[in-house]
Amino acid sequence: MRHFYSTFIVPLNWGVLCYFVALGLFYLVLYVSAALDMRQYLREVRSEKYREVLSSDIAPSISMLVPAFNEESSVKESVMALLTLAYPQLEIVVVDDGSTDQTLSILMETFHLLPIQPVYDRRIPTKPIRAIFRSQQFPNLIVVSKDQGGKADSLNTALNVSSSELVCALDADTILDPDGLRRLVRPFIRSHDVVAAGATIRVVNGCTVSRGRLVSERGPHRALAGIQAVEYLRAFLFGRPGWNRLGGNLLISGAFGLFRRESLLETHGYAKSVGEDMELVVRLRRHGYDTDQPARVEFVPDPVAWTETPVSFRELGRQRERWQRGFTDTLWRHRSLLLNPRYGVLGLVVVPAFVLFEWLAPIIEAVGLALVVVGLVFGEVSATFAILFFSLACGIGILLSMLALMLEELSFRRYGRARDRALLVVWAVLENLGFRQLTVWWRLRGVFSYLRGKKSWGKMTRKGFESADEEGSRPVGSEAQAAVGIAGPPIAVMIPPIRIAAMSGSMPAESNRES
Amino acid sequence: MSALDLLIAMLIAISSAILVVLATVWMSSLIRAHRIRIEPSLSKARLSIITSLSGAESTAGDELSHLGWFSKRYVIGVMLDLAPSVTGTSRSILVSLGETVGVVQKAQRNVYSRRWGARLYAARVLTAFGVQSDALCRLLVDRAPEVRAQASAWTVVTPNPQAIELLVGLLADPDGLCRFAARDALVRIGLRASEPLLRALDSADVDVTNQILEVAAAMGDGRFVPGAMVCTRASESTTRALAAEVLASTGDRSAGPSLVGLLKDDSEEVVVAAAAGIARLSYWPGASAIEPLLSSPSWALRKQASITLLGLGAPGTVLLWANTRGEGDKPEMAIQALHLRSISHRSEAA
Numbered sequence: 155m156r157h158f159y160s161t162f163i164v165p166l167n168w169g170v171l172c173y174f175v176a177l178g179l180f181y182l183v184l185y186v187s188a189a190l191d192m193r194q195y196l197r198e199v200r201s202e203k204y205r206e207v208l209s210s211d212i213a214p215s216i217s218m219l220v221p222a223f224n225e226e227s228s229v230k231e232s233v234m235a236l237l238t239l240a241y242p243q244l245e246i247v248v249v250d251d252g253s254t255d256q257t258l259s260i261l262m263e264t265f266h267l268l269p270i271q272p273v274y275d276r277r278i279p280t281k282p283i284r285a286i287f288r289s290q291q292f293p294n295l296i297v298v299s300k301d302q303g304g305k306a307d308s309l310n311t312a313l314n315v316s317s318s319e320l321v322c323a324l325d326a327d328t329i330l331d332p333d334g335l336r337r338l339v340r341p342f343i344r345s346h347d348v349v350a351a352g353a354t355i356r357v358v359n360g361c362t363v364s365r366g367r368l369v370s371e372r373g374p375h376r377a378l379a380g381i382q383a384v385e386y387l388r389a390f391l392f393g394r395p396g397w398n399r400l401g402g403n404l405l406i407s408g409a410f411g412l413f414r415r416e417s418l419l420e421t422h423g424y425a426k427s428v429g430e431d432m433e434l435v436v437r438l439r440r441h442g443y444d445t446d447q448p449a450r451v452e453f454v455p456d457p458v459a460w461t462e463t464p465v466s467f468r469e470l471g472r473q474r475e476r477w478q479r480g481f482t483d484t485l486w487r488h489r490s491l492l493l494n495p496r497y498g499v500l501g502l503v504v505v506p507a508f509v510l511f512e513w514l515a516p517i518i519e520a521v522g523l524a525l526v527v528v529g530l531v532f533g534e535v536s537a538t539f540a541i542l543f544f545s546l547a548c549g550i551g552i553l554l555s556m557l558a559l560m561l562e563e564l565s566f567r568r569y570g571r572a573r574d575r576a577l578l579v580v581w582a583v584l585e586n587l588g589f590r591q592l593t594v595w596w597r598l599r600g601v602f603s604y605l606r607g608k609k610s611w612g613k614m615t616r617k618g619f620e621s622a623d624e625e626g627s628r629p630v631g632s633e634a635q636a637a638v639g640i641a642g643p644p645i646a647v648m649i650p651p652i653r654i655a656a657m658s659g660s661m662p663a664e665s666n667r668e669s
Numbered sequence: 321m322s323a324l325d326l327l328i329a330m331l332i333a334i335s336s337a338i339l340v341v342l343a344t345v346w347m348s349s350l351i352r353a354h355r356i357r358i359e360p361s362l363s364k365a366r367l368s369i370i371t372s373l374s375g376a377e378s379t380a381g382d383e384l385s386h387l388g389w390f391s392k393r394y395v396i397g398v399m400l401d402l403a404p405s406v407t408g409t410s411r412s413i414l415v416s417l418g419e420t421v422g423v424v425q426k427a428q429r430n431v432y433s434r435r436w437g438a439r440l441y442a443a444r445v446l447t448a449f450g451v452q453s454d455a456l457c458r459l460l461v462d463r464a465p466e467v468r469a470q471a472s473a474w475t476v477v478t479p480n481p482q483a484i485e486l487l488v489g490l491l492a493d494p495d496g497l498c499r500f501a502a503r504d505a506l507v508r509i510g511l512r513a514s515e516p517l518l519r520a521l522d523s524a525d526v527d528v529t530n531q532i533l534e535v536a537a538a539m540g541d542g543r544f545v546p547g548a549m550v551c552t553r554a555s556e557s558t559t560r561a562l563a564a565e566v567l568a569s570t571g572d573r574s575a576g577p578s579l580v581g582l583l584k585d586d587s588e589e590v591v592v593a594a595a596a597g598i599a600r601l602s603y604w605p606g607a608s609a610i611e612p613l614l615s616s617p618s619w620a621l622r623k624q625a626s627i628t629l630l631g632l633g634a635p636g637t638v639l640l641w642a643n644t645r646g647e648g649d650k651p652e653m654a655i656q657a658l659h660l661r662s663i664s665h666r667s668e669a670a
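Note that the protein sequences, when read in sequence, are chains A and B.
Number 669 marks the last residue of the first sequence (this note's numbering); no jumps.
Number 670 marks the last residue of the second sequence (this note's numbering); no jumps.
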């Protein structure tokens with residue numbers, strides 16, 4: 155047995171260690187890149203009032219695409235909030251995806267909708283449209299009622315009906331900063347090569363929301379939401395901006411992203427998949443290389459969309475599993491990009507890095523765990539060494555989170571109260587003591603369920619923002635893989651034996667929509 | 321060194337790094353706490369300046385006594401917040417106040433800074449205050465695109481012939497933000513920019529010509545008609561389409577026959593622009609030339625033709641009615657357009 159250990163386990167141990175070092179170096183490069191990008195951005199926007207864009211006749215027009223399915227609790231406030239967004243040429247297209255509740259009638263009553271018959275080109279095939287309405291009060295509000303076809307189908311319908319140069323995909327229950335669009339449009343003005351731009355998503359749990367608007371920005375006071383807030387900060391303050399300089403982003407959150415409409419239509423719009431937001435961005439970038447038209451994807455850290463995160467382990471587990479499935483699905487669909495020189499930096503840097511440091515991370519972490527256990531059993535690894543190694547791995551995880559908090563503190567400072575910031579530090583530490591190991595388990599489950607061919611979204615429970623406190627629960631699906639971007643270093647520790655309940659097939663909403 | 325020693329050393333290094341980061345966060349929090357503490361006093365100063373700007377009895381000394389407490393950074397912040405919202409006498413008072421505090425002088429000095437960030441900030445301060453300065457032309461040819469873009473916005477506030485000429489030159493800038501800022505500034509400056517634009521139109525390359533035409537279309541100045549007529553014969557289809565837009569934007573119905581001529585163009589983009597232009601000019605004699613487009617195999621052309629006919633009033637509507645029968649795509653588009661009309665009438669009635 156000892157011979158087996160020295161022949162097989164020791165080299166594997168070295169492999170894990172090398173991976174560990176490579177990951178640390180990769181994050182260091184990403185952080186430096188993010189810090190440089192952030193510094194440049196903050197200089198550019200310092201004291202900028204965006205008045206020029208707001209009142210410019212030549213600013214690109216934007217259509218907001220808002221899919222809504224059984225959103226009766228929040229649709230009124232969400233649309234009201236969208237109508238107050240500060241942007242000169244704004245069209246809002248809400249698509250009611252065959253809701254079985256009062257979503258459509260609430261919209262009709264609130265906004266005095268009148269049926270219209272617009273002349274539009276159905277460039278992407280979608281489920282049949284039942285009726286199209288325009289608001290008498292707000293002429294820039296269009297509501298489409300259609301047969302149920304899922305989120306991607308709703309977005310494609312909105313894409314067909316919309317008429318603007320740029321389109322912004324948005325969940326019906328996402329809250330935008332009022333001047334978010336003006337900030338996000340900047341990369342499109344700057345370069346015609348830009349086909350998509352993403353923004354920061356933050357956790358709304360703990361904040362006060364009134365009439366679809368954020369009234370006070372507070373950090374979550376409960377551990378699970380707080381830890382996710384730290385994860386989001388890490389992903390959006392140093393993961394995404396870091397990629398801006400290292401070859402461009404591969405992911406724009408479905409909760410808030412701006413796209414060039416023509417590019418979306420050319421690539422046949424949204425695909426029906428679990429991780430449709432990531433798949434779309436990869437497809438757009440790939441199409442750019444295939445047609446020799448540069449297709450850049452930018453990330454702008456300043457505009458913020460606020461979204462609610464799951465507050466129970468069960469729902470969080472489902473969400474993370476779904477994200478990993480979507481991630482795996484996208485990488486598999488576009489596997490020909492990997493190390494393909496035809497796709498330049500996308501094929502040679504971005505996709506390999508995502509495979510190596512994101513997709514493989516939970517697998518290597520699990521292997522690391524097994525190795526430590528085997529080492530302890532064989533007496534090859536001392537308990538002191540194992541504890542020190544665990545401490546080091548936790549330390550690196552904490553350091554990465556702290557660096558993200560430092561970037562936040564030196565840049566946007568959205569959390570005003572000292573108590574909120576202190577709590578974020580606490581969550582950053584706690585995250586590494588159990589939560590990270592749980593996410594490894596969930597992500598592994600995601601990979602395995604993808605291999606088993608599972609394609610449903612799972613249960614969706616929605617609450618209106620007005621009623622949702624930190625206990626409210628809703629697995630946010632459309633900001634898929636929000637936390638993908640910075641997963642943290644592999645930590646070889648015991649995964650808590652928590653049995654995550656299998657995804658219930660009884661789950662109606664999204665699961666049926668995909669099947 | 322054993323593996324254990326290496327681990328311990330790495331652990332110490334990581335712990336030290338965490339402590340340094342925490343200390344930075346803490347220091348930053350202290351600075352923020354200071355800002356929160358002084359906010360009430362800052363509000364008082366802001367209020368006092370607003371009172372002064374509104375013409376109420378107050379002297380500059382009162383405001384300065386409030387502002388004297390704060391560092392220049394805060395003072396600039398307060399004034400920058402207020403500057404874009406005031407005009408006329410109020411702005412003059414604000415500028416004189418800024419000069420007294422030294423904000424304007426500092427910005428004028430920073431225009432010559434070696435750091436692009438400082439130049440950009442200075443340009444923003446001077447734009448907000450609307451200060452006339454020779455430095456404007458210098459910044460319009462700055463090496464940093466952000467500074468050039470900001471200088472374009474500054475030109476709108478303090479336009480002069482030389483700056484406008486440079487602004488027209490910025491239409492050929494390699495940076496998209498600069499080109500956008502220049503186009504936007506020229507549209508805002510309006511008729512004063514027409515002559516330099518017309519001069520540039522004669523000698524510009526294709527890209528710049530297109531941008532000039534885009535600006536001209538937003539301005540709607542009749543002086544662009546001859547130039548646009550020439551551009552309708554350009555080799556680039558985008559240029560011809562933009563020329564059609566310019567002709568329509570002037571509101572001069574004498575341009576109608578030229579637009580009708582463009583309906584025979586090979587490019588779909590040009591034909592769509594010409595048809596839209598005919599509707600914009602309400603040039604009803606063009607209706608008969610539009611009608612055949614209802615049978616076009618291109619969806620975009622059929623759509624534009626139906627909407628144009630709808631926009632031409634009675635002559636167009638008659639032709640739409642006449643096309644509701646028959647085979648192919650023509651009747652469908654005509655019927656859809658007529659539906660639009662009936663819905664819009666219903667909407668008006670409602």
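Just so you know, even glycine gets a beta-carbon here, dropped at the ideal spot from N, CA and C.
Classification of residue i by the beta-carbon crowding that lies within 10 angstroms, buried from 16 upward
i, result
"residue 475(A)", "buried"
"residue 578(A)", "buried"
"residue 305(B)", "Because chain B is modelled from 321 through 670, residue 305(B) falls outside the range shown and cannot be assessed."
"residue 645(B)", "exposed"
"residue 640(B)", "buried"
"residue 465(B)", "buried"
"residue 656(B)", "buried"
"residue 356(A)", "buried"
Rounded distance between the beta-carbons of residue j and residue i, thought under 8 Å
i, j, result
"residue 400(B)", "residue 442(B)", "About 12 Å; that fails the 8 Å criterion."
"residue 295(A)", "residue 265(A)", "6 Å"
"residue 435(A)", "residue 340(A)", "So it is not a contact: roughly 18 Å between Cβ atoms."
"residue 390(B)", "residue 358(B)", "7 Å"
"residue 542(B)", "residue 559(B)", "Rounded, the Cβ-Cβ distance is 20 Å, inconsistent with contact."
"residue 491(B)", "residue 508(B)", "About 15 Å separates the two Cβ atoms, so there is no contact after all."
"residue 313(A)", "residue 415(A)", "7 Å"
Three-way DSSP call (helix, strand, coil) for residue i in this model
i, result
"residue 492(A)", "coil"
"residue 245(A)", "strand"
"residue 221(A)", "strand"
"residue 452(A)", "strand"
"residue 584(B)", "coil"
"residue 367(A)", "strand"
"residue 451(B)", "coil"
"residue 414(A)", "strand"
"residue 466(A)", "coil"
"residue 354(A)", "strand"
"residue 240(A)", "coil"
Chain-order list of residues whose beta-carbon lies under 6 Å from that of residue i (same chain, five-residue window excluded)
i, result
"residue 292(A)", "237"
Beta-carbon gap between residue i and residue j smaller than 8 Å
i, j, result
"residue 417(A)", "residue 438(A)", "yes"
"residue 472(B)", "residue 438(B)", "no"
"residue 499(B)", "residue 531(B)", "yes"
"residue 244(A)", "residue 250(A)", "no"
"residue 366(A)", "residue 374(A)", "no"
"residue 458(A)", "residue 331(A)", "yes"
"residue 269(A)", "residue 315(A)", "no"
Contacts around residue i, its chain only, beta-carbon distance under 7 Å, and the 5 residues preceding and following it disregarded
i, result
"residue 483(B)", "456, 457, 460 and 475"
"residue 621(B)", "588, 591, 592 and 613"
Contacts around residue i, its chain only, beta-carbon distance under 8 Å, and the 5 residues preceding and following it disregarded
i, result
"residue 196(A)", "565"
Distance cut-off 7 Å: residue i Cβ against heavy atoms of the ligand NAD
i, result
"residue 361(A)", "Looking at this structure, you won't find the ligand NAD or any other ligand, since it has none at all."
Beta carbon proximity, residue i to chain E, threshold 8 Å
i, result
"residue 529(A)", "The displayed structure is made up of protein chains A and B, and chain E is not among them."
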